[in-house]
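Chemist: In my numbering, the protein residues as written are 1 to 186.
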Amino acid sequence: MNATETIEHRWYFVHTYSGQEERVKKNLVHRIATMDMGGKIFQIEVPSEEIIEIKEGKRVPRRVHLYPGYIMVEMIMDDESWYVVRNTPGVTGFVSAEDERDKRPKPVPLESWEAEKILQQMRSEKPKARIGFTKGESVRIMDGPFADFIGAVEVIDTERSKITVLVSFFGRETPVELDFLQIAKL
Numbered sequence: 001m002n003a004t005e006t007i008e009h010r011w012y013f014v015h016t017y018s019g020q021e022e023r024v025k026k027n028l029v030h031r032i033a034t035m036d037m038g039g040k041i042f043q044i045e046v047p048s049e050e051i052i053e054i055k056e057g058k059r060v061p062r063r064v065h066l067y068p069g070y071i072m073v074e075m076i077m078d079d080e081s082w083y084v085v086r087n088t089p090g091v092t093g094f095v096s097a098e099d100e101r102d103k104r105p106k107p108v109p110l111e112s113w114e115a116e117k118i119l120q121q122m123r124s125e126k127p128k129a130r131i132g133f134t135k136g137e138s139v140r141i142m143d144g145p146f147a148d149f150i151g152a153v154e155v156i157d158t159e160r161s162k163i164t165v166l167v168s169f170f171g172r173e174t175p176v177e178l179d180f181l182q183i184a185k186l
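(1) For E174, tell me which candidate among L181, L166, A97 has the shortest Cα-Cα distance.
(2) What is the residue span of the beta strand (DSSP E) that R59 lies within?
(3) Which residues in the same chain as S81 place their Cβ atom closer than 7 Å to its Cβ, once the five residues preceding and following it in sequence are excluded?
(4) May I have the straight-line CA-CA distance separating R123 from E50, to the nearest angstrom?
(5) Per DSSP, K106 is paired with what?
(6) Classify R86 as helix, strand or coil using the three-state DSSP reduction.
(7) Note down, in chain order, each residue of its chain lying with its Cβ closer than 7 Å to the Cβ of P61, except the 5 sequence neighbours on either side.
(8) Which of the three DSSP states, helix, strand or coil, is assigned to E74?
(9) DSSP on F146, reduced to helix/strand/coil?
(10) Alpha carbon to alpha carbon, what distance is there between V176 and F170?
(11) Using 8 Å as the threshold, is the C-beta distance between Y17 and G93 below it?
(12) Using DSSP's beta-bridge definition, name the partner residues of D157.
(13) Return the CA-CA distance between P109 and S48, expressed in angstroms with no decimal places.
(14) Can you check DSSP and say which residues form a bridge with D179?
(15) With burial defined as no fewer than 16 other Cβ atoms inside 10 Å of the residue's Cβ, what is the status of A3: buried or exposed?
(16) State the start and end residues of the unbroken alpha helix (DSSP H) segment that holds E137.
(17) Going by C-alpha distance, which of F146, F13, K162 is nearest A97?
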C-alpha cells in the first residue's frame, strides 16, 4: 500500500471546471460502471440546495451549488480509484495537501462530521429564501392591510421567509411582520 491508499471509504472534494459539476458527475458514474469500480467508488454528490428567489413578485424555486466547481466523492482511496476519478473528463484534481514524506500532493478526506453537515444541508426539505433586501432599506408594502405603506427593513428571517418592516403610524414606528412577497423595493 502506498501513500495515496486508505482502507476505509471517505468523502473527498474533487475540483471540476466551474459550471460542469453535473456533467462531471454523469461522466464519473459512467466511468465507474464501465471500469467496474463500484466496489471502491460509492457515491457522487454535487453539493447543492434549493432556494426560493423572489422575481417580479413571484416565488421562483432554483437549485444552487453550495461549492461551485466542486463535487463530493465517497470512495476508498487507492491508486486505481484515484486514477479513475482524476482522469474523468472535466475533473481538474482533488483537494489536496502536500505529503511531508514524498513531497507530492495527497488528497485530503473530509472529516465525517463535515461530510454529514453538507449532506444534511442538501437533504433539507424546506428551501431557503434568497431575497434582495438589506436591513435599513426602504420598501413599499404591496399586499395586505398595510398595502401602499412605505417602511424600512428591520429584520430578515430567511428560515421563516418573513421580513419585519418598521412602518410609521401616527408618528410612531411600528414593526410589521410580512412575507417576502408582500414587499417591493422602491
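Note that the Cβ used here is the ideal one computed from N, Cα and C, for glycine as well.
Modeler: Here's the rundown:
(1) This sequence places Thr at residue 174; Glu is not what is there. That would be L166, whose Cα lies nearest to the Cα of T174.
(2) 58 to 65
(3) M37, K40, I41, M75
(4) 10 Å
(5) Answer is A97, bridged to K106.
(6) Looking at R86 - three-state DSSP - the assignment turns out to be helix.
(7) E50, I52, P127
(8) strand
(9) If DSSP states are grouped into helix, strand and coil, F146 belongs with coil.
(10) 15 Å
(11) no
(12) K162
(13) Annotation: P109 to S48 spans about 19 Å, alpha carbon to alpha carbon.
(14) K162
(15) Per-residue confidence for A3 stands at a pLDDT of 48, beneath the threshold of 50, marking its modelled position as unreliable; the derived number appears in the next sentence. A3 is exposed by the Cβ-count criterion.
(16) Note, E137: premise wrong, no alpha helix (DSSP H); not H, not E.
(17) F13
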